[in-house]
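Quick note, the sequences are listed as chains A and B, same order.
Quick note, the first sequence lines up with residues 1 to 269 if you use our numbering.
Quick note, the second sequence lines up with residues 1001 to 1220 if you use our numbering.
Scroll down for the structure; my scribbles are underneath it.
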Amino acid sequence: MTSASSAPASSSSVSSPAASDIVLEARGITKCFGALTVLHGIDLALKAGEVVSIIGPSGSGKSTFIRCMNMLEKPDAGEILFRNRRVGEKHRGSGDLLGQGELRRHVGMVFQHFNLFPHMSVLENVIEGPVIVQRKSRAEAVEIAMDYIAKVGLAEKRDARPDQLSGGQKQRVAIARALAMQPDALLLDEVTSALDPELVGEVLGVVRDLANQGMTMVIVTHEISFAADVSDRVVFMENGRIVAQGLPETILRRPDNERLKAFLARFHG
Amino acid sequence: MYTWSFAPIIQASDLFLWGAWITVVYTAGSIAIGLVLGLAVCFARLSGIGPLNWFAQGFQELFRCTPLLVQLLWIYYALPLLLGFDMPNWAAALLTLSLYAAAFYAEVFRGGIVSIDKGQFEAGAAIGMSGWQVMRRIILPQAIRRMMPAFINQSVTQFKNTSLVSVISVADLTYMASIVNGQTYRPLESYTVVAVLYFVILFPMMKFADYIEHRMRRGN
């Protein structure tokens, strides 16, 4: 189990006005696609060092929700707060509002389909953010990047192109790319769902290490036993609502909600 | 039996060379202007701003769904009546060719950009890049590779299309062929030479396009 005391060091330029240890918060997030409402006013607050897993059936809105958390999806109602600052509509912040670019600099995301930049090597993928967004020198960025590339076990692949890597390796590069921004929190959107079964373990291993090191994370996953293992809190979503949440033991081993029981029954067989 | 005689044609070789030069100038000029305008039209279409998108799309359809020859005649003979002043033929030619090129280039560019996976835009945004940074660093480098064959093909077509400016008396390669024919009464030689000149210039360009396309397929 991780604890809030081991929050990752970060050179955050965003000061927190209150002495709250909530890093990222969603308030009343509602999202519609046309006539279909996929999220009905979701609230979720993520504390520093906390690992929250979101589980639920396909179409429950969990991916849409995690994408709202870094504004890749624009909520139709509700707001996202980063260290108590509301995130605005624009890339740059103005007044009280934090820019979406600033939010994303501090909150990394890893996608189901990796989305590595195919025209860049592994190293170039990972230094892109530090050099272009954080305006670090190339030398400094390479040093940081190599640190994380080594951490995910791909140091010898630094000059490889994404199409020369296996799915598991691609996803580990994607994690290194997100980490190279030295974010305050990481959003993982079904990061093993596109992988062959034999490659799932290596990616989960990396995520587990991050959890052990105290990285603040939201993990959308179908890997129930993994969620039970690494999470401080498990959130069960269905039909765009949070139906149950709590400690992994409670939610996954002693569920008291009928729909949650039905969902879990499908995994336990 | 027809007796070929190229001697009178060779005497007029300076006319052909000048015509070829003029053709190259109009091609290069209209490609350059068309490129810039085409990019603007492409970004207008991708801007997500309704009126800008509709205007750009209207422009594209207008120039893609009417023959270049008709555009040329309309801009040279009809447009001045609306504007109230005459346009020299070189300006009408360059304007028409450029607008025509822009309409097609914009579609080539747009096709290249929208073919890039949405995940690439999101991955760029997710590390905090601005829209323009994503476009410049992530999307365009990939899109330009993909659009290259179509771009070269369109440019080759543009080179051939300049032959139409001869109808408004711009002294390009095709116009020179009719001049030489008028002077020598040797249409077979005049028009053969002009066809060969077009071919000699375009064949290497076409091969180059094929080479680029082949290399890209292997690369991907």
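Cβ coordinates follow ideal geometry from the N, Cα and C atoms, glycine included.
C-beta neighbour in chain B for residue i, strict 8 Å
| i | result |
| --- | --- |
| residue 177/A | yes |
| residue 138/A | no |
| residue 49/A | no |
| residue 8/A | In this prediction, residue 8/A has a pLDDT of 45, which is less than 50 and means its spatial position is unreliable; nothing more can be read from the coordinates. |
| residue 269/A | Residue placement at residue 269/A cannot be trusted, given a pLDDT of 49 that sits under 50; what the coordinates show is reported in the next sentence. So, not an interface residue. |
| residue 128/A | yes |
| residue 132/A | yes |
| residue 40/A | no |
| residue 118/A | yes |
| residue 181/A | yes |
Residue i and residue j closer than 8 Å at C-beta
| i | j | result |
| --- | --- | --- |
| residue 154/A | residue 173/A | yes |
| residue 1170/B | residue 1090/B | yes |
| residue 22/A | residue 68/A | no |
| residue 40/A | residue 214/A | no |
| residue 145/A | residue 126/A | yes |
| residue 1059/B | residue 1189/B | no |
| residue 1122/B | residue 72/A | yes |
| residue 1041/B | residue 1056/B | yes |
| residue 267/A | residue 236/A | no |
| residue 118/A | residue 163/A | yes |
| residue 190/A | residue 63/A | yes |
Any C-beta of chain A under 8 Å from that of residue i
| i | result |
| --- | --- |
| residue 1126/B | yes |
| residue 1113/B | no |
| residue 1016/B | no |
| residue 1130/B | yes |
| residue 1157/B | no |
| residue 1213/B | no |
| residue 1122/B | yes |
| residue 1050/B | no |
| residue 1137/B | yes |
| residue 1141/B | yes |
| residue 1084/B | no |
| residue 1095/B | no |
| residue 1218/B | no |
| residue 1133/B | yes |
| residue 1029/B | no |
| residue 1038/B | no |
Extent of the continuous beta strand (DSSP E) to which residue i belongs
| i | result |
| --- | --- |
| residue 27/A | 22–33 |
| residue 53/A | 51–55 |
| residue 80/A | 77–82 |
| residue 238/A | 233–238 |
Anticipated Cβ contact below 8 Å, residue i with residue j, distance rounded
| i | j | result |
| --- | --- | --- |
| residue 1022/B | residue 1193/B | Going by Cβ atoms, the distance from residue 1022/B to residue 1193/B rounds to 16 Å, so no, they are not a contact pair. |
| residue 187/A | residue 70/A | 6 Å |
| residue 216/A | residue 49/A | 6 Å |
| residue 35/A | residue 78/A | That belief does not hold up - the Cβ atoms of residue 35/A and residue 78/A are roughly 19 Å apart, past 8 Å. |
| residue 1034/B | residue 1143/B | Not really, about 18 Å apart at Cβ, beyond 8 Å. |
| residue 1202/B | residue 1020/B | With a Cβ gap of about 12 Å, residue 1202/B and residue 1020/B do not count as contacting. |
| residue 60/A | residue 238/A | 5 Å |
| residue 123/A | residue 148/A | 11 Å between Cβ atoms; not a contact. |
| residue 228/A | residue 219/A | Actually they do not touch by this definition, with Cβ atoms about 12 Å apart. |
| residue 211/A | residue 51/A | 5 Å |
| residue 113/A | residue 1119/B | 5 Å |
| residue 88/A | residue 98/A | 7 Å |
| residue 1133/B | residue 1096/B | That belief does not hold up - the Cβ atoms of residue 1133/B and residue 1096/B are roughly 36 Å apart, past 8 Å. |
| residue 55/A | residue 224/A | 6 Å |
| residue 243/A | residue 233/A | The Cβ separation is near 14 Å, so there is no contact. |
Bounding residues of the alpha helix (DSSP H) (the contiguous stretch that carries residue i)
| i | result |
| --- | --- |
| residue 120/A | Careful: residue 120/A lies outside any alpha helix (DSSP H) and carries neither H nor E. |
| residue 1174/B | 1173–1184 |
| residue 45/A | No alpha helix (DSSP H) contains residue 45/A, which is instead part of the beta strand (DSSP E) from 36–47. |
| residue 1022/B | 1013–1046 |
| residue 147/A | 138–151 |
| residue 1097/B | 1089–1114 |
Check: residue i C-beta below 7 Å from any heavy atom of the ligand NAD
| i | result |
| --- | --- |
| residue 1121/B | The model depicted lacks the ligand NAD and carries no ligand whatsoever. |
### Query
Would the stretch 156–172 of chain A and the stretch 82–93 of chain A be scored as touching if the rule is three or more Cβ pairs under 8 Å?
As far as the Cβ criterion goes, the stretch 156–172 of chain A does not touch the stretch 82–93 of chain A, which means the pair count is below three.
### Touching by the beta-carbon criterion (3+ pairs, under 8 Å), the stretch 239–257 of chain A and the stretch 1141–1160 of chain B
Contact between the stretch 239–257 of chain A and the stretch 1141–1160 of chain B is absent, because fewer than three Cβ pairs lie under 8 Å.
### Message
Three Cβ pairs or more, each shorter than 8 Å: is that satisfied between the stretch 98–117 of chain A and the stretch 1110–1128 of chain B?
### Response
A contact exists between the stretch 98–117 of chain A and the stretch 1110–1128 of chain B.
#### Entry: At least three beta-carbon pairs within less than 8 Å, the stretch 1105–1114 of chain B to the stretch 1075–1087 of chain B
These segments do not touch.
### Task
Report yes or no: do three or more beta-carbon pairs, one from the stretch 1137–1151 of chain B and one from the stretch 1109–1120 of chain B, lie closer than 8 Å?
These segments touch.
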